[in-house]
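To keep things clear, I will list the structure first and then write my remarks on it.
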Amino acid sequence: MPSLKNTEADPPPIRKKRQIIDGSLLVLSAFTALAGIAVFLSSGAGRALEIVADTFTFLAVLSPKIAAGIFIAATLPLMLPKEHVGRLIGRESGLRGLLIAAFCGAAILGGPMMTFPIAAGLGVAGADLGAMIAFISGWSLLGLNRTLIWEFSFLPADLVWTRYLLSLPVPILLGLAVRTFLQVRK
């Protein structure tokens, strides 16, 4: 399991040269080519070109958001004092730290391109794995933005309240499970 390091205290790791073309890219490219051929044969060249254009438009819209998320992940550990983050949501923060992490995850706006880099940045800044899990699952299960704007708009209120109340303890339980698992593993 990769570990998150404190960039101020630990020397920078020796980076392996990243391969642009690796096995996962080749497999993904093969599936993409097969899907493109299938669309071309079943729906014609016009539809295949339309899908390609839509894909590149989506990529152009999404790329700045991904870049911003990566920038946040890289700068967050430099902006937040490790002692403060560790005290709030670190290994010794206890149940309070998991509650804070889950609440922050529920309150954060944005999608995965913002949430996952922030979680990684918090890990480097001093959060433990249990708090990172509580943060991500709080965003995933309890996201206030999605619940208030989407769920209450389209679903019956009793369904939304039931789902939300049943989901409330899950980020905390997951964070506790991760901390327990890591403690037993030592």
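Just so you know, numbering that gives the first Met the number 0 puts 65 at position 66 of the sequence shown, and the rest follows in order with no gaps. Glycine residues also receive a C-beta, built at the ideal position from the N, C-alpha and C atoms.
Could you pull out every residue in the same chain whose Cβ sits closer than 7 angstroms to the Cβ of residue i, ignoring the five residues on either side in sequence?
i    : result
M0   : Note on M0: pLDDT 43, under 50, position unreliable in the model; the coordinate value appears next. Excluding residues within five positions, none has a Cβ falling inside 7 angstroms.
V159 : T146, E150 and F151
L25  : none
Might you give, ordered along the chain, the residues of its own chain that have their beta carbon closer than 8 angstroms to the beta carbon of residue i, omitting 5 neighbours on each side?
i    : result
A47  : G35, V38 and F39
R162 : E150
A66  : none
L94  : I171 and L175
S28  : none
Does DSSP put residue i in a helix, a strand or coil?
i    : result
K15  : coil
D53  : helix
L20  : Per the sequence shown, residue 20 should be read as Ile rather than Leu. It is coil, neither helix nor strand.
L175 : helix
K64  : helix
P170 : helix
P155 : coil
P76  : helix
G45  : helix
G89  : coil
G35  : helix
K185 : coil
G142 : coil
Excluding sequence positions up to five away, which residues of its chain have a Cβ less than 6 angstroms from the Cβ of residue i?
i    : result
A119 : A72
L58  : none
Below 8 angstroms on the Cβ atoms is my contact criterion, and I expect residue i with residue j to pass it. Report the Cβ-Cβ distance as a whole number of Å.
i    : j    : result
G89  : S136 : Contact doesn't hold; Cβ gap of about 18 angstroms is too wide.
L79  : A130 : The Cβ separation is near 13 angstroms, so there is no contact.
L173 : A133 : 6 angstroms
P170 : L128 : Going by Cβ atoms, the distance from P170 to L128 rounds to 13 angstroms, so no, they are not a contact pair.
L97  : L175 : 7 angstroms
V84  : A126 : 6 angstroms
M112 : G45  : Not confirmed; about 31 angstroms, so no contact.
L75  : I117 : 7 angstroms
With distances taken Cα to Cα, identify the nearest neighbour of residue i among the options.
i    : options                  : result
L143 : I19, L121, V123 and F102 : F102
K64  : D53, G109 and L33        : G109
R178 : K16, E91 and W138        : E91
P168 : Q182, W138, E49 and F180 : W138
Shorter than 7 angstroms, the distance from the beta carbon of residue i to the closest heavy atom of the ligand SAH, or not?
i    : result
I132 : As far as ligands go, the structure on display features none, and thus does not contain the ligand SAH.
Within the segment 100 to 136, ranges of the alpha helix (DSSP H) (whole runs, at least 4 residues): 111 to 124
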